[in-house]
Amino acid sequence: MRAAWAAVRTTTMECRMMLRGMRGAVGDDSWARRGGAVRGFSLVELLVVVSIVVLVIAIVLPALGNARQAARMAETQTLLTDLSNAFSQFSIDNRRNPGVFSERLMGSDDNADPNGGLTALQNAMLELAGGIVDQSDANTIEVYPGAGGGNAVVIVNPDLIGARASGSGASSYFAPRERYYNTGDAGHHHGLQGNAVYRERLPTVVDAWGNPVLLWSRDPSATGRIVLPGSGSPGSGEVAFARENSDERALFYLNSNWGVLSSESFGSERASLRTNPPVSANASPTGSMIGTGPVYSPVQRATVLTALLGSPTFPGNLSSENPSEIFPTAARGDYVLMSAGRDGVFLNFQDRRGRGFGGGPNGLPRYGDMFAGVESGGDTNDIASAFDDMVVSGGN
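Count along the sequence shown starting at 1, add 139, and that's the number in my numbering.
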């Protein structure tokens with residue numbers, strides 16, 4: 140902004156000099172002989188100056204806005220990369236993904252209860268940034284997935300998060316700046332739903348736009364041949380790629396991020412992630428493809444998660460002409476980190492390129508759309524690249 144006003148001031152001075160020069164060229168030097176009195180600008184001259192200033196502002200302000208968005212993208216990419224490095228180091232040290240509570244507990248229906256809503260990344264940060272203590276006091280909170288803690292409860296002192304790794308005396312794996320790791324304000328809470336204590340006292344990682352980052356952590360207990368979403372209960376030696384809850388085994392569970400995806404006022408843009416039904420069968424709905432609104436059934440949301448979290452390089456079968464019958468044989472990684480990007484909505488229906496993927500109901504994206512001969516957006520394009528979301532994965 141300073142640069143813009145500097146340009147405006149410079150342009151204004153140049154205009155004044157130009158106009159004075161015009162007066163000297165067109166007239167004579169009688170103004171000097173009259174004692175050096177200089178007349179003021181005429182209305183036409185003022186309009187010329189104002190027009191030039193407006194033109195400069197019209198050119199400079201959009202450029203500044205684009206530069207600001209580019210800077211936020213770069214900051215968020217760095218944040219996700221640093222967080223991914225912390226995940227990798229923790230996994231090397233402990234042979235598992237970070238997280239006090241198991242993926243099965245995080246995917247339970249209890250964690251989608253209005254009084255629950257602990258997110259996968261909040262769970263992971265309890266080990267990456269510490270804060271767990273042995274005894275309760277006035278400064279601590281009880282943390283657990285779901286509405287009722289049962290035996291799965293840890294005591295956390297939010298003031299200690301980021302200071303030391305839990306119980307080890309070592310430095311934390313990841314301690315982001317306060318700008319990227321904080322609680323929400325009283326009326327907003329960064330769009331986190333569920334347990335008010337988690338919203339108000341348990342920090343969460345936010346991107347450069349102020350929106351919570353999502354973590355999808357693979358369930359290590361889910362092993363076997365991957366089957367399509369909605370194909371019924373997995374049989375012996377089979378596992379679903381993604382499910383809404385963890386009643387049956389899957390690699391990933393939507394409920395692990397219910398606390399974010401159920402928000403009606405998400406992030407800095409206060410966007411609703413509870414999608415609304417389309418006006419007609421051919422209308423493109425607005426909102427998030429993985430939100431918890433009524434547009435998609437649990438099976439459809441699992442299909443979207445499969446398209447998002449499946450590796451774009453491991454198709455199960457390319458012989459089928461139906462993209463819905465092509466599914467991944469591997470995940471992007473053991474963990475996937477995700478920022479909603481510039482528009483503040485995860486997998487936004489209105490992302491122009493994103494809408495081009497998939498021909499299913501309501502533009503449902505399908506994993507098979509990633510591969511040559513069956514996709515609508517070009518050959519072997521990663522579906523995630525069609526949205527403004529930022530995705531980083533790691534581990535195998």
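Just so you know, even glycine gets a beta-carbon here, dropped at the ideal spot from N, CA and C.
Pair within 8 Å by beta-carbon distance, residue i and residue j
| i | j | result |
| --- | --- | --- |
| Met484 | Gly426 | For clarity, residue 484 is Val in the given sequence; the question names Met instead. Going by C-beta atoms, Val484 is nearer than 8 Å to Gly426. |
| Ser138 | Gly480 | Nothing about residue 138 can be reported from this structure: the residues present for the chain run from 140 to 535 only. |
| Trp397 | Ala251 | yes |
| Thr215 | Ser524 | no |
| Gly376 | Arg388 | no |
| Pro342 | Tyr312 | no |
| Ala268 | Gly238 | no |
| Val344 | Pro315 | yes |
| Thr445 | Tyr506 | yes |
| Arg340 | Leu331 | no |
| Ser223 | Leu476 | yes |
| Leu219 | Leu353 | no |
Within-8 Å CB hit, residue i to chain E
| i | result |
| --- | --- |
| Phe391 | Absent from the structure is chain E; it holds one protein chain and no more. |
Nearest-angstrom Cα separation, counted from residue j out to residue i
| i | j | result |
| --- | --- | --- |
| Leu244 | Ala347 | 30 Å |
| Gly430 | Tyr392 | 13 Å |
| Met212 | Asp482 | 12 Å |
| Asn236 | Tyr474 | 8 Å |
| Glu184 | Val199 | 23 Å |
| Glu383 | Thr442 | 10 Å |
| Leu412 | Leu186 | 48 Å |
| Pro351 | Val366 | 31 Å |
| Asn527 | Asp490 | Checking the sequence shown, residue 527 turns out to be Asp, not Asn. Between Asp527 and Asp490, the C-alpha separation is close to 7 Å. |
| Met529 | Ile522 | 12 Å |
| Gly455 | Pro467 | 5 Å |
| Ala309 | Ile271 | Low per-residue confidence applies at Ala309: pLDDT is 49, beneath 50, and the placement is therefore not dependable enough to give any value. |
| Gly534 | Ile231 | 10 Å |
| Asn254 | Asn334 | 5 Å |
| Asp221 | Pro201 | 30 Å |
| Glu403 | Arg409 | 7 Å |
| Gly516 | Asp508 | For Gly516, the pLDDT reaches just 45, beneath the cut-off of 50, and the residue's location in the model is therefore unreliable, although a value from the coordinates is still provided. So the alpha carbons of these two residues sit roughly 8 Å apart. |
| Leu182 | Val188 | 10 Å |
| Arg440 | Asp248 | 15 Å |
| Asn205 | Phe405 | 23 Å |
| Arg234 | Val195 | 57 Å |
| Ala263 | Glu242 | 10 Å |
| Ser385 | Gln208 | 38 Å |
| Ser419 | Val438 | Here the model assigns Ser419 a pLDDT of 48, short of 50, so the residue's position is not dependable, and the following value carries that caveat. Between Ser419 and Val438, the C-alpha separation is close to 21 Å. |
| Val193 | Leu203 | 15 Å |
| Ala277 | Val293 | 15 Å |
| Gly256 | Gln228 | 27 Å |
| Gly306 | Asp273 | Note that Gly306 has pLDDT 48, beneath the 50 cutoff, so the model's placement of it is unreliable and the number below is only indicative. Their Cα atoms are separated by approximately 9 Å. |
| Ser190 | Ala225 | 53 Å |
| Ala210 | Glu317 | 18 Å |
| Gly349 | Thr258 | 16 Å |
| Pro297 | Glu464 | 46 Å |
| Ile280 | Pro504 | 40 Å |
| Gly469 | Thr322 | It should be noted that the sequence gives Ala, not Gly, for residue 469. C-alpha separation (whole angstroms): 35 Å. |
Host beta strand (DSSP E) of residue i (start-end)
| i | result |
| --- | --- |
| Tyr392 | Ala389 to Tyr392 |
| Glu242 | That residue, Glu242, is in no beta strand (DSSP E); its alpha helix (DSSP H) goes Glu242 to Met245. |
| Met529 | Met529 to Gly533 |
| Leu354 | Leu353 to Ser356 |
| Ala381 | Glu377 to Arg382 |
| Tyr474 | Tyr474 to Ser478 |
| Ile365 | Arg364 to Val366 |
| Ile429 | Note, Ile429: premise wrong, no beta strand (DSSP E); not H, not E. |
| Glu281 | Ile280 to Val282 |
| Val295 | Val293 to Val295 |
Whole-number beta carbon distance between residue j and residue i, since they are thought to touch under 8 Å
| i | j | result |
| --- | --- | --- |
| Leu486 | Leu447 | 7 Å |
| Arg357 | Leu400 | Arg357 to Leu400, Cβ: 18 Å. No contact. |
| Gly246 | Ser395 | 5 Å |
| Thr362 | Val378 | 6 Å |
| Ala197 | Phe240 | No, Ala197 and Phe240 are not in contact; Cβ-Cβ is about 53 Å, not under 8 Å. |
| Leu265 | Val282 | 7 Å |
| Met428 | Phe380 | About 16 Å separates the two Cβ atoms, so there is no contact after all. |
The alpha helix (DSSP H) enclosing residue i, as first and last residue numbers
| i | result |
| --- | --- |
| Trp397 | Trp397 to Leu400 |
| Arg338 | Ala335 to Arg340 |
| Leu260 | Ala259 to Leu267 |
| Leu447 | Pro437 to Leu448 |
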